[in-house]
Each structure stands twice: as C-alpha cells, then as structure tokens.
Amino acid sequence: MTMLVALPILLPLLAAGLSLVLGRFATLQRLLGVVVFTANAVLAVVLLAEADKSGPVVLQLGGWDAPVGITLVADRLSALLMLISMVVMLAVLVYSIGQRITDYGRSTSSTAFHPMYLVLGAGVSMAYLTGDLFNLFVAFEIMLGASYVLITRRTTATRVRAGMTYTIVSLTSSLLFITMIALVYAATGTVNLADLSGKVEALPVGVQSAMALMMIVVFGIKSAMVPLHFWLPDSYPTAPAPVTAVFAGLLTKVGVYALIRTQTLVFDHGESWTLLLWFSVITMIIGALGAIAQNDLNRLLSFLLVSHIGYMLFGLALYDVTGLAGAILYVVHHITVQATLFLVSGLLTRHTGTVALRGMGGLAKLYPAIALLFAIPALNLAGIPPFSGFVAKLALLEAGAEVGTTMAYVATGAAVLTSFLTLYAMAKVWVFAFWGKSKPPHPDPDPTDELIIGTGSTSRTMVSATSALVVFGVLIAVFAGPLSEISTRAATDLLDGGPYRTAVLGEEAE
Amino acid sequence: MSEGPPRSQPSGEKKRRTSLWEEWDTPQEHWLLVGSHRDGRERSLLLEVAARIIFPTVLVLSLYLLFAGHNRSGGGFSGGLVAGQAFVVRYLAGGPMEVRAAVGLRPPVIIGAGLSLAVLTGLAPIFWGEAPLTSAYVSMTLPVLGDVHVVSSLFLDMGVYLLIVGVVCDLLRTLGAGIEEQSPRPRRRPSG
Amino acid sequence: MTLAISVGLLVAGGVYLVVQRGMVRITFGFVLLGHAVNLLLVSGGGAFRREAPLMSETDASVAADPLPQAFVLTAIVIAFAITVYMLTLAGVGKRDDDTRGGPAVSGEKDEEKA
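What follows is the structure, encoded as structure tokens:
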C-alpha cells in the first residue's frame, strides 16, 4: 500500500518521457496522457480511502528514514486535493485534445504539450504528497518549469512579454523560497515538516515569526494573495484556454495548500490570526472590485480567482476546525469551478473571436448550451444555494461567526460582500455576453496565435469535457455531506498534527 | 534552414578515388567524413578537423565521468554536460549538419528515452518490495577491469546523461539557428 | 564571514542587473541572485563551524553537512534550466526591449566587420 504513494509522481514523469519518445504517434500520445491521469485519479481515491480509514500513508524513499531522507505522505487533505486536481487535469486534457483535433486534424502531434502537461501533473502530485520543505520547493519548480513552457508555447511577442512577467515573478518567489529554506535549516537543522513541527517551538519568537512571514510571502506569491497578486491577471489570460484553466484551477491552489500545510503543521498559532485575516479581507475585496472593472472576460475571471483565494485564506486565518474545514471544502469547490469557467470562456471565444465583453452579445440565443454551461459554474462561484459554492461559503461564514472576534466579523462581512460582488461580476458577463443584440463574430486577428481562435467550431469532445466538469462541480454539492465530514476530519488532523508526526517519524518520536 | 543530405552519401572527392592504394588509409568512420553539402558558410578546415578529432575524446571523458559518478566526482549530469560540450564543439565547427551527422535521433526522443530510463530505475525497486529510489550494490571481479562495483543508480545516471545530451542537442537545434543567421556569409564568388 | 560577503556582493550585482533594461541582463541578474541564495543555503549548514569533508583527514563529526550541499546541487540544476529558458525568451522576444540580437541588426554589424 505504501508503495502507491510514489506512483502519482513517478507515473506522469515516466509517461512524459514515453510521450516524448512517441512524439510522432499523436493518438498514442493522447491515449497515454488520458490513461495516466485516470490512473492518478484512481490512485488518489485509493489513498484517500486508506488515509481516512487508518491514518496517513507514508513512504520513505530510497530506504532513508525521516528526517534525513525524502518522505512522501498522503493524508486526508493531500489525497482529497490530489483527487480533485487529477480529475480536473483529466477533463482539461480531454478538452485540449478535442481542441487540437478540431484545429489541426487527428494526426498532427505536438512535441511539447503532452510531455509538459504530464510533467505539470507530476509536479502537482509531488507538491501535495511531499513531506519536506525542500521537496516542496522542487515540486513547485517542476510545476513552474512546465507552466513556463505551456504559457509561452506557440507564442507571439505580447505573450512572450506576459510570459516574462510570469517567469520573473515566479523566479523571485523561488529565490525567496530557497532563502526561507536556508533560514529554516540554519535554525533547526531539518527540513522535514513533521520534524520541524517539534523543533520550531523551541526557537526564539523572532525567528519563528521570520520563518512564518517568509512562508506567507513565498506561498502568497504562488497563491496570488493581494498585494502579491499583481502578476496573475497579466499572465494567466494570455495562455490558451485549457492552459489557463489548469493554471487557474490548480497552481494557485497548490500555493494555498502549501500555506495551509505549513501554517498548521509547523507553527501553532493557537487562535485566529489577525494578520492573515487582514490579508484575506483585502484579497477578497480588491479581487472582486478588480473583476468588476474588467472588459476582458479572461481578465475578469482572473481577478475573481484572486478574490476567491481570499476565502481560503479566511478559513485558514480563523484557525479552528470549522474554519479549516471550510477552507478545504472551498479549495475543492474552487479548483473545479474556476477551471470550468475558463474552459467555457475558451468555448465562447471560439465563437466570438474576441475576449472583450463589449464585443459579444446575444450568445444565449445563439448558443444556449454554452450559456447553460456558463450559468451553472457562474452561479456556483457566486454561492447561490443549491451549488457547492454555497455549501463552502456557508461553512466559512459559520466558522467566522463562531470565532466571534471583531476582526473575524469584519472578515465575515467582507466574505458576504465579496459574494455579492462576484454575483454582480457574473451578472455583468451575462448581460453583456449572453443578452442583448447578437454581434457578428470577429475575424481571427492572428492565425498563428492559439490564444483566440475565432474558428467558430467547437467539437463534441470539447463541449463534453466542459460539461463533465460542470457536472462534477454539481456533484460536489450533491456529496457535500460526506465531503464536509471528510474535510472536518482533515481539519482536525491538521490542527492536531499528532497522527502526521507519528506516521512520519515513527512511534518513539512522540 | 537548408537541409543536408544524409551522411552516408559519398562526397564528390570520394567518388574520384580509384585505386585500392589510395583508399586503404582514407577515413571510413563517419565522425571523420565531411558531408558533401555545405550551407554556404565560411568553413575553417582546421577547426572542423580539430573538432572531429576532439569529439570522441570528449565523449570518452564524459563516459568516464558517468561511470565514476557514484563514489567520485562526476555523475550523469556532469557527464551529460561534458558530452553536450562535444556536440557544441561540432556545432561551432560545422553548424547544425555536423550535429545531425553525429546523432541520428531527434533530440526529443533522446530526452524522452533518458527520462523514461531514469524514472524506470527509480520505480524498479517496487518489484523487489523495496521503496522507490532504493539502490542495490553489486561487486564483482572481472578479468580485465579488476574489482568492479556496480550500483543500480548507475542506470538513473545514464538516464540523466541521455536527458542532458538530448537537451543540449535540442538547444543547438532551436536556439542555435540564431547563431547561424548572425555568422558571416561568404561574398558571392565566381567559382566555389 | 567570507560567505556573508560573497552573498552580499552577489546580491548587489544581481539587483543591479535585474533593474536594467534588457532580458539578457535581467537573466544574468537572476543567475547572480540564484548563486547568492545558494551560498546562503550552504551557510545554513553551519559552514563556519565545519571543515572540508575530506574523509581521510577530517573527523566525520566536524565534516561539512552534506544535506545543504545536496539542496544546493538540486537548486543549481533547476536554476540552470530556468536560465536556459529565460535566455530563450530573450532570444524569441526580440524588439520589445533594448536587448540586441535581432538577426537584421547583428547581421549588418557583422557585415561591417567583415
């Protein structure tokens, strides 16, 4: 059983290698990708079941035990998030295969996309499963390396520029990450998270705060927390729809996961955390206001992404079981919904030939199916009752009210306000794009650029991949009961930390 | 970019040769043969020949680094980089054709093969019930080489070696194109 | 102290280069910054109180800590890959900053030299 923990990382890497070798055989390459992500999703289910039944599944790589060797850990939180991530990656892969076939025919292969996408998958799994800080860095680098290539593939000058912004910002955060690791290692002599959690308490308070703050800055950049979000709306919308969807769905959430993991396991804040509450409030409000001001559909969605990161930070900052459970539920909900919205935006822009809201109109009448596909995740994101967004938001609001400090009430108020602002932004998209007079599609401005293809054609594969994600998003609401139970158990684990430490370090360490 | 004919095609010079006495010491190994086609750049014969003579030596050095890797300085990464330098030298001397003449495979295939080999080595211990990335150790005495220690992580190093060589070749193929455009072109002469 | 001074110098040089115009200079700046943080990581292993790991001469208890060295090795490889990628960007994204290297421009310069 423990061997299974390594597979979600090694399988995609192996497949990436094979995918490069198979470069000329397009169908095999596609099949390989789909099989690997399906296998990873199945593995995640198995690991989740095992972790839920009998505690974290731990694998010490290469026979070197923690804290010296590399440790992989699958506990409830990491297995749950990995499951959702792999399902989303699978759907997006199917979508992009559909897009590729529609645009270039069945037989054209792509050298870079499939291997890089698989490497990205390996990086995401590794970030969830790793049990030490340095491997978290390596996982981030694997993810970022793949994302650099994906964001600038088949590129134009403007997109290279956006890619530069993205690269430089990510590189800066990586440098800070290494600095933070140097600090942690110098202070404690270990980078194993479980080992750290025992040693950090003995440090002077100043060193502890420096470490915690550096982690907030590093993971804050990755997860686009205001005021460290500025790079995201400039870079994500410049990638083709499937790439943006998977970045928006996963990469920022991996940052949030890292923040949740380190701040609960390594540090013990004890009570709700005012500084992070402030950050969550400004993230929610500024993101939502930024979204309302946009005319570009993808930029609008990117700002909404920033805004909703605030909800997860809010849940973490409350620092109790209900808050963390809400945050986990929110991550699960948001990964799915955000990816879905970007995919729908990809479908829309193929028909309109533009991402400008003012250039669209009357789409509800022309493409009722796409309108429905947009409406469900949009309402879901805004938190309208039957959907998962409502469940997750409700959990967070309850937790905010439960904590009951002034700052918690302020943040709760901000969360409600942001929910309305999100609804307003979505209503704006709806009014501009789906209602009104229909406008003729814009001609393709640059045929070599994959970003906007006004071909007007969407294949059945693309639509069904998007629909599958929409249905998956709705299913999250259907299974909200068991999901919130499991996230409550995960949150309890996080705040306790005991089972994780015992599982990694062995019994005698306790 | 102009495509060169495959390297097996005999050069004009070679066709002219008739007698066995002239042929016995003419080079047959393809690392010494000059392709018949040139893309019209100025060539330095000295550099080209020197590059071809250095090439195998550097490759042997890179293999030494690869095999010495586990207990001494070296390893797949540095070995691969040194081997990559060998290709860079060939490239500087003769342009992309030279690199293509040196390796027949497309660079992505080399990268992919290297990555797969490395990951498979990492995965292999699972079949013996050990944790992934565990390495095994075999000592034996061979007739000529003496005591040899073989570590299973050597295969991982080989994978890394291939990967790096592939990356360097790929870089030469994609980025190198710019260097060619910038390098001086010969003035048109009446006869070649 | 040597490490601290080296880190300081590298960061100074790196920051100077990063704020320049031109992708190539920015890339070199990040290379310097990368080396700076790598040295920081080495110093995190307590380089001041340990000695070179020459196993025949140094006692194992005071030999240098191998873990930060492994970290740095990994970080160097990653930095190498990203440097290559950034140089590629600098090569592809011509004419949107003052990075020279458009084929037309340098081609002419070479003509002048020849």
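Chains as they are written, first to last, in the working numbering: chain A, 874 to 1383; chain B, 1125 to 1316; chain C, 168 to 281.
All C-beta atoms in this analysis are idealised placements derived from N, C-alpha and C, irrespective of residue type, glycine included.
Keep in mind it's a predicted model, so treat the numbers as computed, not measured.
Residue i versus the options, residue with shortest Cα-Cα distance
i	options	result
Ala922 (chain A)	A:Thr875, A:Met1084, A:Leu1148, A:Leu883	A:Thr875
Thr911 (chain A)	A:Gly994, A:Thr1195, A:Leu1076	A:Gly994
Ala1190 (chain A)	A:Arg1374, A:Leu1048, A:Val1154, A:Phe1215	A:Val1154
Phe1215 (chain A)	A:Leu920, A:Arg973, A:Ala964, A:Phe1103	A:Ala964
Gly1196 (chain A)	A:Val919, A:Tyr1184, A:His1207	A:Tyr1184
Gly906 (chain A)	A:Lys926, A:Val960, A:Gly935, A:Thr1061	A:Val960
Asn1008 (chain A)	A:Pro1313, A:Leu1149, A:Thr1291, A:Thr944	A:Thr944
Ser1277 (chain B)	B:Phe1201, B:Leu1299, B:Pro1267, B:Leu1229	B:Phe1201
Thr1147 (chain A)	A:Ala1030, A:Leu1342, A:Tyr1192	A:Tyr1192
Gly258 (chain C)	A:Val1377, A:Thr1025, A:Gln933	A:Thr1025
Thr1245 (chain B)	B:Arg1224, B:Gly1218, B:Met1282	B:Met1282
Val209 (chain C)	C:Gln236, C:Glu218, C:Leu176, C:Ile249	C:Gln236
Val1119 (chain A)	A:Gly942, A:Ala1085, A:Leu1017	A:Leu1017
Val1042 (chain A)	A:Val1090, A:Gly1232, A:Thr1063, A:Ser1082	A:Val1090
Asn1065 (chain A)	A:Ser982, A:Arg1134, A:Thr1117	A:Arg1134
Ser242 (chain C)	A:Phe1293, A:Ala899, A:Phe1010, A:Gln972	Reading off the sequence, residue 242 (chain C) comes out as Ala, not Ser. Residue A:Phe1010 is the option with its Cα nearest to Ala242 (chain C).
Ser1124 (chain A)	A:Tyr1058, A:Ala1055, A:Ile1208	Sequence check: residue 1124 (chain A) is Leu here, not Ser. Looking at the Cα atoms, A:Ile1208 is the closest of the given residues.
Trp1151 (chain A)	A:Val894, A:Ala1287, A:Ile974	A:Ala1287
Leu1269 (chain A)	A:Val915, A:Arg903, A:Ser1357	A:Ser1357
Gly1236 (chain B)	A:Ile957, A:Leu887, A:Leu1023	A:Leu887
Ala1060 (chain A)	A:Ala1085, A:Thr1045, A:Gly1036	A:Ala1085
Leu170 (chain C)	C:Tyr183, C:Ala248, C:Ala203	C:Ala203
Chain C within 7 Å of residue i, Cβ atoms only
i	result
Val1042 (chain A)	no
His1161 (chain B)	Note on His1161 (chain B): pLDDT 46, under 50, position unreliable in the model; no value is reported.
Ile957 (chain A)	no
Tyr1039 (chain A)	no
Val1304 (chain A)	no
Element boundaries [beta strand (DSSP E), containing residue i]
i	result
Gly1379 (chain A)	Where Gly1379 (chain A) is concerned, there is no enclosing beta strand (DSSP E), given that its DSSP letter is neither H nor E.
Thr1339 (chain A)	Careful: Thr1339 (chain A) lies outside any beta strand (DSSP E), inside the alpha helix (DSSP H) at 1333–1351.
Leu945 (chain A)	944–947
Beta carbon proximity, residue i to chain A, threshold 7 Å
i	result
Val1291 (chain B)	no
Ile195 (chain C)	The displayed chain sequence assigns Phe, not Ile, to residue 195 (chain C). No - not a single Cβ of chain A is within 7 Å of the one on Phe195 (chain C).
Pro1256 (chain B)	yes
Ser1277 (chain B)	no
Val174 (chain C)	no
Leu170 (chain C)	no
Gly211 (chain C)	yes
Leu221 (chain C)	no
Pro1232 (chain B)	yes
Tyr252 (chain C)	yes
Gly1236 (chain B)	yes
Val204 (chain C)	yes
Opening and closing residue of the alpha helix (DSSP H) in which residue i lies
i	result
Met1084 (chain A)	1078–1095
Gln1211 (chain A)	1194–1225
Val1116 (chain A)	1114–1119
His1387 (chain A)	For residue 1387 (chain A) there is no data in the structure shown, the boundaries of chain A being 874 and 1383.
Tyr1240 (chain A)	First-last for Tyr1240 (chain A): undefined, no H or E at that position.
Ser1108 (chain A)	1105–1108
Gln1209 (chain B)	1200–1218
Gly928 (chain A)	No alpha helix (DSSP H) holds Gly928 (chain A); DSSP gives it neither H nor E.
Residues sharing a beta bridge with residue i, DSSP
i	result
Val1274 (chain B)	B:Val1262
Ala230 (chain C)	C:Glu218
Leu1187 (chain B)	None, per the DSSP bridge assignment.
Ala1229 (chain A)	A:Asp1169
Gln933 (chain A)	A:Thr944
Asn1065 (chain A)	A:Asp1005
Below-7 Å beta-carbon distance, residue i vs any chain B residue
i	result
Gln933 (chain A)	yes
Ala1012 (chain A)	no
Met1411 (chain A)	Residue 1411 (chain A) is absent from the structure shown; chain A starts at 874 and stops at 1383.
Val1228 (chain A)	no
Asp265 (chain C)	Any answer about Asp265 (chain C) is weak, because its pLDDT of 46 lies below 50 and its placement is not dependable; what the coordinates show is given next. Chain B contact via Cβ: absent.
Val1154 (chain A)	no
Ala1030 (chain A)	no
Subject >> Sufficient close CB pairs (3 or more, under 8 Å) joining the region 1184–1198 of chain B to the region 1271–1279 of chain B >> reply: yes
Subject >> Three or more C-beta pairs below 8 Å linking the region 1160–1169 of chain A and the region 1327–1341 of chain A >> reply: no
**OP:** May I ask you to verify whether the region 1001–1009 of chain A touches the region 1098–1113 of chain A, counting CB pairs closer than 8 Å and requiring at least 3?
**Re:** no
Subject >> Contact the region 1280–1288 of chain A vs the region 1202–1211 of chain A: 3+ CB pairs below 8 Å >> reply: no
Subject >> the region 1226–1238 of chain A in contact with the region 1308–1318 of chain A per 3-pair CB rule at 8 Å >> reply: yes
Original post:
Are there three or more Cβ pairs, one per stretch, closer than 8 Å when the region 928–937 of chain A is compared with the region 962–982 of chain A?
Top reply: no
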